[in-house]
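Undergrad: Residue numbers (my numbering), protein chains in the order written: chain A, 1 to 430; chain B, 1001 to 1430; chain C, 2001 to 2430.
Glycine included, C-beta positions come from ideal geometry on N, C-alpha and C.
The structure follows.
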């Protein structure tokens, strides 16, 4: 009844995955820089110090509690039985990573993958709460995701949990597939971003009463666009490592996964470039960065599965949807998401998961993906909302009014990121 | 009559090359940042958005058409017969990367290498056209290089084409050797840069009538010099991956190739530092960055072939030549090349190719290299000129006058890269 | 009597270490950017051009002289005999890296590791001398470290020297262990930083007569904090490569080493965040960056040895000690160290070396570590002082008074890093 353990890993595959995971912090560095660039100059130091703190808190929370709940594919777990089937819903690995060194190689690498994945996931809502979320709020979100929510979902998806076993138990393709974190990192992070902006509200002045939404351009386009190029390297590493770890892809499938990643980002940025040029007369640099990232996010679900032409088309679709969705969220739903994370990571991840199901050769794979998406939206989203609602009751996520007025850097750190540069007065550049 | 296929690749070599190729976008990120730093602040967002667009267009063009023409070493190709010898001049691989996953491992990695190489090549002329080339111009150059010119040269050099077979057919050493793109990326990119500045002309005010050339310093030295350090990591990866792929170097030759890369850059920057200090009284930061890059470019031809001391000397020579050539191009030939790409990539690549021939143990290798260089200058350069001349007739490469006056960011994107920073008025910092 | 050579290296381990070393320049790029951000805007170009020059000089000095003195584990060396024991104190490898390609794989990789380590070490004092050290001073320090001091220590530690043989000859555990440069890079670099600030003195205005020390905040917090994220990737690569090379760790121990690295940085930044918040009411971004780096530095001695929880605690301690030590050095000892390198690299490295000894399973390991530390402080520190004292007699390390007044960029390069940005007048932002 327990699933068969994955095949043993060759030394070559082991060192490939390890080397790639060690450079995947480039995705973290790139994303943190993008978030900072998309915010205001008077919040730049707080944004990046928050990123370091979030990485730290997410990693510590995962080490002390999360890894136990995440479990490993062949390890101990909690399961319910219903309808004659096992529903494996929570891992039960040893506390504090005990016995890590004697675990099977694949399990060790899986754990390292999850460490990097959870820090990336925790950074996503931080960008959406830019210019108003307190450092403690960022850390609280990281703790909630790192200790509990991410591990829960990661167990379902990567450690023999019920979503992974949809194939075995219900003949739904190969079970829910998420080879590089489209669900566990990006959809989860995007949902946390939605909760954060929901609880914290928009920046002051973003939606003036009776007027149009105020454009608040990112303060440094170089950070935003350069961060996209760094992120490409991180994503290439993550997608290929994930294809080996979670799809058990043979070496000969991996150059194709890398090509798909590049083509998804390429198709996406080309599409966003075209769409924003048509909509606004000129291409929009920030939205193009969003598009590029959404293409990468979609590739996290698909790079190891599809053909290059399919990868390109997946990117094109992501690049068309992203700017439209950003606009709908801002103008129709009055959501103030400076980094666009809800559209980029949330919707981009969902699109990738659906596409992976639709294009998979196995029968039932699309249904497996939809069940997984339903679990994310139906279980993980309410759980994140509940936990952050409680946090917000005791430690308000949002900064005091005065802090927003003088800027997060001065308020939370006592000094700005650019003490020697002359900055425009607040209302002079809008 | 067909060349023998390369020896089968071990799994260890495969995963090494794959891991290195996945981090080689660091060279792309570094070069894009250098280009941006060497331009003006009012073009910074356009410069980096252009870089994303160029990466995208080059990758898409190569996927849809270029890869077919590039072909693979053991794959189908078009050949003419003349003088009793085959002249294999164009690949004929399946369209749209069909069958990628079932190609031999070496061919798959070669294709991935070419994807990254072509995007790097397409970025080179973009830096030379800084502050006046339109986004569409950058994309057009990327399309021309990605779909046709790069694949043509790559086939000749890396896929059993006539240059690769100069050894087999005419006993010229091991045939033309270009282990990491000195010819296909750098000389080609440098020639495209020459064509671009030729067609687009200098920036307004660069060469005032009857006066001296105006110095237009890059707007951010941190981007320029930090980009150089990032590029080092990318180059190390590229050079070692190339030595395995295109020279079939054994593992034991690879640490030496890495040391050579580091020493070439080191020798070059030391030489440029000394030369500019002697010439101008103080070392010039931008030219030192140019020198460092030229050392890396020269190593792309030589790192896998020479001894460490030779690598150091190759760098020293590159570092002496680069600042002199930049000055000659600017003052004697009135070429306005903000990034110095013509000297850095064009001349640096040529120097590396010649040095690789002169220092190779095989007889006839220098002649093989010279034949390759002649083909680049005699065939690829006119072809690039012709194609971009046609492009320029229909979609002018150069921005309208007003765009140059207000800055590329405002003109093409509708907003600047640094909306919150106070920038000097245009004529106040010269 | 000679130590047994290390076991032969598998191809998988070889390619892992090689791939990781090729991306470890991310640590160099990150550290250089941090140093620049912690300095003044009017020294930013000089800081980064200095970094390129230091990398170059250190690499060239190591290639031409240092590698000979460093030697390799199974290679020729100079040894004295005293007390019936051999004291192997200096390598005697062939000059100019001759025969590199035919050396055993492990020796080749060790040499490449040392090339990257020595450039990193030479960058450390450069940050401490920010805003007043001349470019020639940075190069002189790099030459001294690269040609002589680093090779000496590296031979003792990594190439079968007397510190490495403390276990064999005196039953002190496994001999002095420094798996990723905590001693050879960080303690040595931190000691060189101490010597540099000692000889050069504080920045003008830092310690006004009869008043408090002047706070001189770094000019760009984004560079500082983003550099920390880049450094993480570099450190992960370095620590894992070092564990294979110098500890001969099996593949199955390596994911744990990576997790430890991440947890050390995480614990450290969390602790510094808390300490500075308690001390000053608000967390201090620069000190948090220092803490993060100190955690990474401590992990360089311990990541391959300890458990994850121990790794976390090592980071916590480093994060508590670092801000206190920075404050003591500044306020009690009047040391002006803009980058905090003495505390971060010097003390952080010492703490890591002690912790590695205390937590090692072998008896006598702590004593071996203490002997190594005594050798660093008792031999290497005086040697560095002597050599730099001589340098300072002939080529003053410190810039002329006027240079400090107008800024290093204008004085040494003739132009600033940010020519288009409006910068506050010097005394307006304190």
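Grab the span of the beta strand (DSSP E) containing residue 1402 of chain B for me, first residue to last.
TA: Position 402 of the second chain holds residue 1402 of chain B. Segment 1401-1406 is the alpha helix (DSSP H) holding residue 1402 of chain B; no beta strand (DSSP E) there.
Undergrad: Among the candidates C:2302, C:2323 and C:2239, whose CA atom is the shortest distance from the CA of residue 2269 of chain C?
TA: For this step, residue 2269 of chain C is matched to residue 269 along the third chain. Of the candidates C:2302, C:2323 and C:2239, the one whose C-alpha sits nearest the C-alpha of residue 2269 of chain C is C:2323.
Undergrad: Considering residue 2080 of chain C, what are the terminal residues of the alpha helix (DSSP H) in which it resides?
TA: One-based indexing of the third chain puts residue 2080 of chain C at position 80. Looking at the DSSP string, residue 2080 of chain C is not in any alpha helix (DSSP H); the run it does join, the beta strand (DSSP E), is 2077-2082.
Undergrad: So, using beta-carbon positions, are residue 2285 of chain C and residue 2377 of chain C closer together than 9 angstroms?
TA: Taking the third chain and counting its residues from 1, the one referred to as residue 2285 of chain C is at position 285. Taking the third chain and counting its residues from 1, the one referred to as residue 2377 of chain C is at position 377. No, Cβ-Cβ distance for residue 2285 of chain C and residue 2377 of chain C is not below 9 angstroms.
Undergrad: Report the neighbours of residue 14 of chain A on chain C: residues whose CB is nearer than 8 angstroms to its CB, in chain order.
TA: Counted from its first residue, the first chain places residue 14 of chain A at position 14. The contacting residues are 2012 and 2251.
Undergrad: Below 8 angstroms, can you find three or more Cβ-Cβ pairs linking the region 2361-2378 of chain C to the region 2327-2337 of chain C?
TA: As far as the Cβ criterion goes, the region 2361-2378 of chain C does not touch the region 2327-2337 of chain C, which means the pair count is below three.
Undergrad: Check each residue of the region 2216-2248 of chain C: if its Cβ is closer than 7 angstroms to any Cβ of chain A, include it; give the result in chain order.
TA: Listed by position along the chain: 2217, 2219, 2220, 2221, 2222, 2225, 2226, 2228, 2229, 2230, 2232, 2233, 2236, 2237 and 2240.
Undergrad: Who are the neighbours of residue 305 of chain A on chain C, taking C-beta pairs under 7 angstroms?
TA: By one-based count along the first chain, residue 305 of chain A stands at place 305. Near residue 305 of chain A there are no residues of chain C at all, since even the closest Cβ is about 25 angstroms away, more than 7 angstroms.
Undergrad: Taking the alpha-carbon of residue 1228 of chain B as reference, which of B:1217, B:1029 and B:1018 has the nearest alpha-carbon?
TA: For the purposes of this step, residue 1228 of chain B is taken as residue 228 along the second chain, with counting starting at 1. Here the closest residue by C-alpha is B:1029.
Undergrad: Give the residues of chain C in contact with residue 415 of chain A, contact being defined as C-beta atoms less than 7 angstroms apart.
TA: Indexing the first chain from 1 puts residue 415 of chain A at position 415. Here the neighbours are 2217.
Undergrad: When the Cα atoms are used, what is the spatial distance from residue 429 of chain A to residue 1198 of chain B?
TA: Locating residue 429 of chain A in the first chain gives position 429, where the first residue counts as 1. Locating residue 1198 of chain B in the second chain gives position 198, where the first residue counts as 1. A caution first: residue 429 of chain A carries a pLDDT of 42, below 50, which makes its placement in the model too unreliable to give a value.
Undergrad: Can you list, in chain order, the stretches of the alpha helix (DSSP H) that have 4 or more residues and sit fully within the region 2107-2134 of chain C?
TA: Correct list: empty.
Undergrad: Along the region 1076-1109 of chain B, where does the CB come closer than 7 angstroms to a CB of chain A? Name the residues.
TA: Per Cβ criterion, the list reads 1096, 1097, 1100, 1101, 1105, 1108 and 1109.
Undergrad: Closest Cβ-Cβ distance between residue 1335 of chain B and chain A: below 9 angstroms?
TA: Residue numbering aside, residue 1335 of chain B sits at position 335 when the second chain is read from its first letter. No, its Cβ sits nowhere closer than 9 angstroms to a Cβ of chain A.
Undergrad: Note down, in chain order, each residue of its chain lying with its Cβ closer than 8 angstroms to the Cβ of residue 2262 of chain C, except the 5 sequence neighbours on either side.
TA: Taking the first residue of the third chain as 1, we reach residue 2262 of chain C at position 262. If we look at residue 2262 of chain C and ignore the five residues flanking it on each side, its Cβ neighbours are 2232 and 2236.
Undergrad: Does the Cβ of residue 216 of chain A have 16 or more other Cβ atoms within 10 Å, making it buried, or fewer, making it exposed?
TA: Sequence index remark: in the first chain, residue 216 of chain A carries index 216 (1-based). Answer is buried; the Cβ neighbour count reaches 16.
Undergrad: Just list the residues that DSSP pairs residue 337 of chain A with in beta bridges.
TA: Counting from 1 along the first chain, the entry for residue 337 of chain A is found at position 337. BP columns for residue 337 of chain A are empty, so no partner.
Undergrad: State the Cα-Cα distance for the pair residue 2151 of chain C and residue 1208 of chain B, rounded to the nearest angstrom.
TA: As a position in the third chain, residue 2151 of chain C is number 151, starting the count at 1. As a position in the second chain, residue 1208 of chain B is number 208, starting the count at 1. Rounded to the nearest angstrom, the two C-alpha atoms are 54 angstroms apart.
Undergrad: In this structure, what does DSSP give as the bridge partners for residue 1398 of chain B?
TA: Taking the first residue of the second chain as 1, we reach residue 1398 of chain B at position 398. In the DSSP output, where bridge partners are listed per residue, residue 1398 of chain B has B:1133.
Undergrad: Go ahead and pull the three-state DSSP assignment for residue 1090 of chain B.
TA: For the purposes of this step, residue 1090 of chain B is identified with residue 90 of the second chain, where counting begins at 1. Three-state result, residue 1090 of chain B: strand.
Undergrad: When you compare only the Cα positions, how much space is there between residue 1044 of chain B and residue 335 of chain A?
TA: For the purposes of this step, residue 1044 of chain B is taken as the residue at position 44 of the second chain. For the purposes of this step, residue 335 of chain A is taken as the residue at position 335 of the first chain. Using only the alpha carbons, I get a separation of about 29 angstroms.
Undergrad: Pick out whichever of C:2372, C:2343, C:2344 and C:2342 has its Cα sitting closest to the Cα of residue 2356 of chain C.
TA: Indexing the third chain from 1 puts residue 2356 of chain C at position 356. For residue 2356 of chain C, the nearest C-alpha among the options comes from C:2372.
Undergrad: Counting Cβ pairs closer than 8 angstroms, one from the region 2110-2121 of chain C and one from the region 2349-2369 of chain C, do we hit at least three?
TA: Because the criterion of three Cβ pairs below 8 angstroms is not met, the region 2110-2121 of chain C and the region 2349-2369 of chain C do not touch.
Undergrad: Which residues in chain A have a C-beta closer than 7 angstroms to the C-beta of residue 1115 of chain B? List them in chain order.
TA: Walking along the second chain from the start, residue 1115 of chain B turns up at place 115. Per Cβ cutoff of 7 angstroms: 259 and 262.
Undergrad: Within 9 angstroms (strictly less), CB to CB, does residue 1419 of chain B reach chain A?
TA: Within the second chain, residue 1419 of chain B is the residue found at index 419, counting from 1. By this cut-off, residue 1419 of chain B is an interface position.
Undergrad: Can you check which of these residues, A:134, A:404 and A:411, is closest to residue 206 of chain A by C-alpha distance?
TA: Numbered from its first residue, the first chain carries residue 206 of chain A at position 206. Ranking the options by Cα distance to residue 206 of chain A, first place goes to A:404.
Undergrad: Taking only three categories from DSSP, how would you classify residue 170 of chain A?
TA: Taking the first residue of the first chain as position 1, residue 170 of chain A is located at position 170. If DSSP states are grouped into helix, strand and coil, residue 170 of chain A belongs with the helices.
Undergrad: Could you tell me how far apart the beta carbons of residue 2422 of chain C and residue 1422 of chain B are, in whole angstroms, since I believe they sit closer than 8 angstroms?
TA: Here residue 2422 of chain C corresponds to residue number 422 of the third chain, with the count starting at 1. Here residue 1422 of chain B corresponds to residue number 422 of the second chain, with the count starting at 1. Confirmed, about 4 angstroms.
Undergrad: Roughly how many angstroms separate the alpha carbons of residue 1125 of chain B and residue 1364 of chain B, rounded to a whole number?
TA: For the purposes of this step, residue 1125 of chain B is identified with residue 125 of the second chain, where counting begins at 1. For the purposes of this step, residue 1364 of chain B is identified with residue 364 of the second chain, where counting begins at 1. Going by the C-alpha atoms only, they are around 32 angstroms apart.
Undergrad: Under a CB-based cut-off of 9 angstroms, is residue 2002 of chain C close to chain A?
TA: One-based indexing of the third chain puts residue 2002 of chain C at position 2. Below a pLDDT of 50, predicted positions are generally treated as unreliable, and residue 2002 of chain C, at 46, falls in that range; no measurement from the model is reported.
Undergrad: Kindly indicate the opening and closing residues of the alpha helix (DSSP H) around residue 72 of chain A.
TA: For the purposes of this step, residue 72 of chain A is identified with residue 72 of the first chain, where counting begins at 1. Element bounds for residue 72 of chain A: n/a, residue is neither H nor E.
Undergrad: Of the residues that make up the region 1291-1315 of chain B, which ones have a beta carbon closer than 7 angstroms to any beta carbon in chain A?
TA: The residues in question: there are none.
Undergrad: DSSP on residue 2212 of chain C, reduced to helix/strand/coil?
TA: To locate residue 2212 of chain C, count along the third chain from 1; it is residue 212. Correct three-state label for residue 2212 of chain C: coil.
Undergrad: Taking DSSP's pairing of strands, which residues face residue 2423 of chain C in a bridge?
TA: For this step, residue 2423 of chain C is matched to residue 423 along the third chain. Paired residues: A:421.
Undergrad: Return the first residue and the last residue of the alpha helix (DSSP H) that residue 2046 of chain C is part of.
TA: Residue numbering aside, residue 2046 of chain C sits at position 46 when the third chain is read from its first letter. Segment 2044-2061, the alpha helix (DSSP H) holding residue 2046 of chain C.
Undergrad: Just list the residues that DSSP pairs residue 1085 of chain B with in beta bridges.
TA: As a first step, residue 1085 of chain B must be located in the second chain, where it is residue number 85. Answer by DSSP bridge pairing, in chain order: B:1082.
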